[in-house]
Amino acid sequence: MKLSEEKIFIDPVIQNLIDQNDYASAADHLFESQLKSWPLMETNYDALKNVRTKSFWFDDFKLKIQFNPGRIISTSAIVDENTITNRSCFLCFKNLPEEQKGIILRDNFILLCNPYPIFPKHFTIASLKHEPQRISEYFGEFLELSKLLSPKYALIYNGPACGASAPDHLHFQAGTKQSIPIENDIQQIKNDYGKIVRENESITTSFINDGLRKIIFIESEDKSLMEKSFRKILKIYEDVSSTEPEPMMNLLCSYDKEFGWRLIIFLRSKHRPDCFFYDDPDKILVSPAAIDMGGLIITPRNEDFVRIDKEFLQQIINEVSIDQKRFSLIEEKVKAELN
Ligand SMILES: [Zn+2]
């Protein structure tokens with residue numbers, strides 16, 4: 023048996039669900055099985071049941087802070103090129119924990135349970151190849167995967183320079199739907215702060231500045247239209263932002279039979295706020311990625327959880343978001359290109 027085959031979870035229940043193309047339930051079954059056979063995972067999901075949260079209300083939306091000590095490794099991860107090149111990649115088959123097994127999705131990906139959860143069920147979807155984290159080539163797959171795991175899960179992509187903890191190994195995350203506040207709030211936020219730059223019966227594209235975040239929101243049932251739109255936006259964003267290796271962004275995507283895809287793009291200016299790099303007692307350990315930008319901010323240290331208030335939260339999210347000038351420029355160009 024090849025090493026890779028040992029890591030594939032298979033039993034009659036999973037096989038049956040996969041035959042029916044019910045990958046969301048297959049994911050659930052994998053989750054339950056891994057929970058029983060992997061003590062670290064059981065401990066960490068148990069701990070998640072008792073995490074403390076606090077919420078802040080803005081006019082039309084909510085931000086939530088989750089005190090989650092289990093996320094300390096990820097939040098404080100050093101992701102510079104030198105460190106990444108010299109560590110063994112934790113998403114490659116040969117380095118997966120002995121207990122960890124997964125399900126193959128769409129031939130090129132493996133669905134794995136995340137043993138350091140934020141959501142009640144939290145998965146990593148890793149490429150079977152060790153290849154860099156880039157969205158341009160895999161955006162279509164990202165859409166297909168979010169469709170495959172609907173109706174139970176939403177999909178996440180973190181750019182290599184703004185939140186991905188393995189920028190050298192292509193991966194997405196999937197989490198229990200409606201766990202991130204913006205999933206509930208996005209239509210209201212769009213109504214109140216959004217400018218629709220393109221709308222017809224097939225696709226709607228909106229630009230939203232809600233005072234904290236700069237968001238492009240795309241809604242469509244048509245995959246090829248979504249891809250075309252995203253490609254154009256990516257090209258424009260590339261020209262305007264000039265960050266390497268791709269413009270900084272976090273994506274949050276869900277699929278619904280009735281409405282199709284809803285894609286939220288958070289445009290970023292930097293990975294971590296200045297306070298991340300301060301010495302204690304001024305240091306605040308937050309490292310915003312898609313989940314945080316979506317309104318579920320993770321603090322692995324109690325002192326930060328206690329100290330963060332509404333104003334500070336606003337300041338952090340603003341600081342790591344693209345500035346209004348460049349956001350407007352992108353909006354103008356997208357408007358001209360899409361219409
Ligand atoms: Zn790898």
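In this text, residue positions in the sequence shown follow this note's numbering: the first is 23, and each later residue adds one.
For each residue, glycine too, the CB sits at the ideal point set by N, CA and C.
Range covered by the beta strand (DSSP E) that runs through residue i
i           : result
residue 51  : Taken as a continuous stretch (DSSP letters only), residue 51 belongs to no beta strand (DSSP E), being part of the alpha helix (DSSP H) at 45 to 59.
residue 162 : Element bounds for residue 162: not the beta strand (DSSP E) but the alpha helix (DSSP H), 161 to 171.
residue 284 : 282 to 289
residue 128 : No beta strand (DSSP E) contains residue 128, which DSSP labels as neither H nor E.
residue 74  : 74 to 79
residue 220 : 216 to 221
residue 188 : It is not in any beta strand (DSSP E) - residue 188 carries neither H nor E in the DSSP assignment.
Nonlocal neighbours in the same chain, by C-beta distance under 6 Å from residue i, ignoring five residues either side
i           : result
residue 187 : 96, 99
residue 348 : 262
residue 94  : 322
Cβ shell of residue i (< 8 Å), same chain only, five flanking positions each side left out
i           : result
residue 207 : 82, 83, 84, 317
residue 164 : 157, 177, 179, 194, 273, 275
Residue interval of the alpha helix (DSSP H) (run including residue i)
i           : result
residue 102 : That residue, residue 102, is in no alpha helix (DSSP H); it is neither H nor E in DSSP.
residue 259 : 245 to 263
residue 350 : 346 to 360
residue 341 : 332 to 342
residue 38  : 34 to 41
Contact belief for residue i with residue j at Cβ below 8 Å, rounded distance in angstroms
i           : j           : result
residue 309 : residue 299 : Not a contact, Cβ separation roughly 11 Å.
residue 171 : residue 45  : 6 Å
residue 270 : residue 183 : 6 Å
residue 162 : residue 260 : Rounded, the Cβ-Cβ distance is 18 Å, inconsistent with contact.
residue 219 : residue 353 : 6 Å
residue 88  : residue 320 : 5 Å
residue 230 : residue 215 : 5 Å
residue 56  : residue 123 : 7 Å
Rounded C-alpha distance that separates residue i from residue j
i           : j           : result
residue 277 : residue 327 : 32 Å
residue 279 : residue 244 : 12 Å
residue 159 : residue 225 : 21 Å
residue 39  : residue 48  : 6 Å
residue 212 : residue 223 : 18 Å
residue 34  : residue 181 : 37 Å
residue 117 : residue 338 : 35 Å
residue 70  : residue 141 : 8 Å
residue 77  : residue 294 : 22 Å
residue 302 : residue 54  : 40 Å
residue 267 : residue 292 : 13 Å
residue 101 : residue 233 : 29 Å
Near ligand 2: residue i beta-carbon under 8 Å from a heavy atom
i           : result
residue 188 : The model depicted lacks ligand 2 and carries ligand 1 instead.
Neighbourhood of residue i by C-beta distance below 7 Å, restricted to the same chain and skipping five residues each side
i           : result
residue 332 : 78
Contact between the region 333 to 351 and the region 239 to 247 (3+ Cβ pairs under 8 Å): Under the Cβ criterion (8 Å, minimum of three pairs), the region 333 to 351 does not count as touching the region 239 to 247.
Does the structure place the region 139 to 149 close enough to the region 182 to 201 that three or more beta carbon pairs sit under 8 Å? Here the region 182 to 201 makes contact with the region 139 to 149; the two share three or more CB pairs at distances below 8 Å.
>> Under 8 Å, with one C-beta from each stretch per pair, do the region 128 to 137 and the region 55 to 72 reach the 3-pair mark?
In response: The region 128 to 137 is in contact with the region 55 to 72.
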